[in-house]
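Structure first, then comments.
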Amino acid sequence: MAWGTAVPSQTTSIPQLGEKPKRVILEQCKSRKDLKQIHAHLIKTGLILKPSITENLLESAAIIIPNAIDYALSIFHSTPHPHSSAYNVIIRALTLHHSPRQALLFFQHMSNNLVPPDPFTFSALFKACSKLTSLSQGQQLHAHAVKRGFLSTPFVLNTLLYMYAACSSLDLARRVFDQIAVKDRFAWNSMMAGYAKNGYWDEVVELFVRMREPCVDRDDVGFDEVTLVTVLTACGRLANLELGKWIGEYVEANGLKGNLTLMTSMIDMFAKCGQVDKAKVLFDELECRDVVAWSAMISGYSQANRCSEALGLFSEMQRAKVDPTEATLVSVLYCCGVLGAVEMGKWVHFFVKRKKLRLTVTLGTALIDFYAKCGSIESAVEVFEKLPMKNVYSWTAMIHGLASNGRGARALEFFRLMKEANVEPNDVTFVAALSACSHVGLVEEGRALFLSMSRDFGIEPEMPHYGCMVDVLGRAGLIDEALQFVKNMPIEPNVVIWRTLLGSCRAHKNVVVGEESFRRIIQLEPAHSGDYILLSNIYALVGRNKDALRVRCKMREMGIKKSPGCSLIELGGVVHEFFSEDDEHSHAEEIYRATEEMIKRIKLAGYEPDTAVARIDAEEEDKVISVSHHSEKLAIAFGLIKTQPGVTIRISKNLRICIDCHNATKIISKVYNRKIIVRDRNRFHHFQEGSCSCNDYW
């Protein structure tokens with residue numbers, strides 16, 4: 001605005017400026033109208049010619065009053081010979097108003113007009129470079145500040161340090177930090193924030209320990225909430241519970257529990273350190289919970305694999321009308337995938353569409369993983385194809401999803417497409433591709449993939465890759481070749497390798513290699529129940545019932561208990577849990593009646609109970625009853641009576657599905673004309689019209 005257009009001073013409601021014009025201008029000028037009135041008054045009285053008064057007006061327009069930067073620029077450009085302090089106000093304002101690039105251009109204007117900068121100029125410019133993360137311009141300004149001798153000024157050093165940290169140039173930031181003679185809180189916080197931003201958590205803790213100790217190189221200012229939030233984040237990443245608890249005690253003793261950001265960091269720290277119940281206590285104490293607090297707690301449950309509680313808390317969050325962020329949704333989708341909670345996961349996808357949230361790589365990959373884990377592989381492919389940007393993680397999730405759902409050939413096709421898209425596979429991608437080969441018996445393809453890892457991509461095979469190859473060979477019945485492969489490994493095979501081989505021996509009734517695998521397992525660690533069960537099953541399958549019984553007796557003598565079979569089914573947003581021969585469910589009577597009816601119907605269609613998987617020491621009649629009441633059969637029966645005809649039934653099982661349940665479910669799918677998807681510990685089984693997607697190869 002030009003001076004000549006200012007509003008006449010007699011209309012002003014602002015009091016006369018008196019002896020302290022700065023106070024009146026900065027404290028009582030609260031709107032654009034006030035600004036114009038004071039501007040007119042300064043023109044009329046001639047006070048506008050005093051640089052200090054003009055700078056106060058500039059500061060009010062540029063920094064204090066919202067959306068008045070244009071007015072401030074008009075004042076500046078109308079000033080005959082603006083001093084450096086006037087330039088400083090505009091540079092600060094442009095940086096604050098998200099125009100840091102213009103702030104740097106304004107400094108160029110300042111230099112062209114031969115106006116000498118002062119320490120405040122450089123402090124403002126370093127902040128602009130921080131916002132732009134422009135290291136090259138920051139270094140040029142650093143050199144300029146050295147020439148002018150301004151690096152002896154503490155606040156200039158502080159902002160220079162902050163700039164280097166923001167630009168992730170941590171070596172330079174640390175050099176500046178170390179040359180600050182007396183470090184104030186801002187310097188410590190800036191250095192810690194730089195380390196935290198780049199994941200150098202040990203360095204954050206090391207600095208904090210130094211900060212707590214009496215030292216000559218810092219002001220005795222202590223630390224503030226900003227410091228504590230950064231250090232708590234580091235404690236969570238490092239699982240440093242001891243320091244985290246110390247901070248918790250400090251927060252309690254100093255009355256800081258009212259700080260929501262600090263308390264949310266405390267919740268996140270305890271959750272990441274495995275103290276989820278302690279985190280929940282703090283969460284429940286919060287008077288006001290923002291989305292970050294909700295997300296931290298949901299993420300904590302998710303990371304602790306307490307997925308039911310995570311989804312319960314998410315439902316509470318919805319009732320509290322707090323919209324989730326992308327981070328919340330990613331945690332919820334993970335939990336939905338673990339529990340097979342299809343309806344809630346679909347609701348999340350619908351929420352993303354309704355809110356028009358950007359389908360980022362992270363969110364898209366979480367959706368792909370969720371759909372794949374719930375057996376909705378076509379939905380996973382649909383999400384993948386709609387992703388605007390794909391990285392190695394999204395490709396890997398898609399390949400793994402196809403593999404675990406019995407689409408091995410298609411998984412390898414996606415692996416080929418990934419390479420054509422110039423996305424370099426990583427070690428996890430190869431695990432996914434090799435597992436695709438093992439699930440569908442693609443032995444030659446598996447061998448070729450394994451060789452190509454180091455030859456074509458420079459990725460040396462690690463234990464998971466060797467495990468996959470043992471699985472590829474073992475599932476295909478090449479037990480002796482698999483054993484030789486294990487013995488020729490350049491690294492010592494771990495217990496997982498031998499367990500994989502033991503599982504293959506059960507599938508192909510190979511007693512000799514099975515016994516050797518079991519011996520190797522117990523040499524490496526105490527065998528768990530699954531190892532004994534596998535060996536016992538191998539004996540039972542070849543008719544060596546006495547040996548099978550001996551293994552079971554050994555288990556009991558050693559106090560080793562079999563992990564109970566557990567199956568989950570989600571109906572109406574509620575996840576129902578079943579155990580073998582379970583009578584705890586609220587609908588138990590109805591479920592057992594439905595199970596008996598189901599068994600009768602499939603027997604008429606040719607089902608014969610396979611009692612080899614029942615308790616060895618039970619009577620034959622009891623064995624038949626026992627296998628009829630396996631957890632997945634109870635869950636399927638519940639699904640049949642609680643869903644409409646034609647609706648897909650989805651079951652999650654914590655153990656490998658037994659051969660009897662596998663055979664029974666094939667016939668159930670045909671008799672009831674239902675698609676049934678069972679996710680067991682190893683893979684997905686899509687049952688439809690009397691057959692399974694695994695082609696009985698699992």
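The sequence shown begins at 1 in the UniProt record's numbering and counts up by one.
Backbone N, C-alpha and C fix where the C-beta goes; we use that ideal spot for every residue, glycine too.
Strictly by DSSP, which residues pair up with His576? Ile569
In angstroms with no decimal places, state the Cα-to-Cα distance between residue 701 and Thr230. Any property of residue 701 remains undetermined from this structure, which presents the chain solely from 1 to 698.
How far does the alpha helix (DSSP H) with Ile602 in it extend, from its first residue to its last? 588–604
When DSSP builds the beta bridges, which residues end up paired with Ser652? Leu568, Arg679
Give the range of the beta strand (DSSP E) segment to which Gln688 is assigned. 684–688
Length of the line joining the Cα atoms of Ile53 and Gln37: 15 Å
Is the segment 352–370 close to the segment 575–592, with three or more CB pairs under 8 Å? no
Exposed or buried, which one is Gln108 when buried takes at least 16 other CB atoms within 10 Å? exposed
Under the DSSP definition of a beta bridge, which residues are partnered with residue 702? In the structure as shown, the chain begins at 1 and stops at 698. Residue 702 is therefore absent and cannot be evaluated.
Quick one: grab the DSSP three-state call for Val216. Note that Val216 has pLDDT 45, beneath the 50 cutoff, so the model's placement of it is unreliable and no number is given.
Output the distance between the C-alpha atoms of Lys386 and Cys566, rounded to the nearest integer angstrom. 36 Å
Is the distance from the Cβ of Phe150 to the Cβ of Pro100 below 8 Å? no
What are the boundary residues of the alpha helix (DSSP H) that Arg550 is part of? 545–557
Take the Cβ of Gly573 as the centre, count every other Cβ of all protein chains shown within 10 Å, and call the residue buried at 16 or more, exposed below. exposed
Hey, could you find the ends of the alpha helix (DSSP H) Val513 is sitting in? 511–524
Buried or exposed: Ala553, going by 16 or more other Cβ atoms within 10 Å of its Cβ? First, the amino acid is wrong: residue 553 is Cys here, not Ala. Result: exposed.
If we ignore side chains and look at the alpha-carbon of each, how far apart do Leu125 and His81 end up? 21 Å
Ala253 versus Lys183 - alpha carbon distance: 26 Å
Would you kindly work out how many angstroms separate the C-alpha atoms of Arg218 and Ile65, rounded to a whole number? Since pLDDT at Arg218 reaches only 48, below the 50 mark, its modelled position is unreliable, and the value read off the structure follows with that caveat. Distance between the alpha carbons of Arg218 and Ile65 is about 36 Å.
Going straight from the alpha carbon of Phe687 to that of Ser669, what length do you get? 6 Å
In whole angstroms, give me the CA-to-CA distance for Val216 and Leu47. With a pLDDT of 45 at Val216, under the threshold of 50, the modelled position of that residue is not reliable, and the figure given next carries that caveat. Between Val216 and Leu47, the C-alpha separation is close to 48 Å.
Residue range of the alpha helix (DSSP H) that includes Val647: Note, Val647: premise wrong, no alpha helix (DSSP H); not H, not E.
For the putative contact between Gly236 and Lys272, defined by C-beta atoms under 8 Å, what is the C-beta separation to the nearest angstrom? 4 Å
Helix, strand or coil at Lys561 according to DSSP, with G and I counted as helix: coil
Measuring alpha carbon to alpha carbon, tell me which residue in Gly375, Asn422, Gly458, Glu577 is nearest Thr648. Gly375
Taking only the alpha-carbon atoms, compute the straight-line gap between Leu160 and Tyr195 and give it to the nearest angstrom. 15 Å
Cutoff 6 Å; reference Phe270; Cβ partners in own chain excluding five residues on either side: Lys278, Ala279
Report yes if the C-beta distance between Cys661 and His629 is below 8 Å; otherwise report no. no
Put Ala6 into one of helix, strand or coil per three-state DSSP. Caution is warranted here: a pLDDT of 40 is assigned to Ala6, below 50, making its placement in the model unreliable, and the coordinate value is therefore given only provisionally. Coil.
At the level of alpha carbons, what is the spacing between Trp246 and Gly300? 20 Å
Does the distance from the CB of Gly337 to the CB of Lys373 come in under 8 Å? yes
Per-residue DSSP class, three states only, for Cys235: helix
For Asp696, count neighbouring C-beta atoms within 10 Å of its own C-beta (all shown protein chains included) and say buried if the count is 16 or more, exposed if not. exposed
Starting from Lys346 and walking both ways along the alpha helix (DSSP H), at which residues does that stretch end? 342–354
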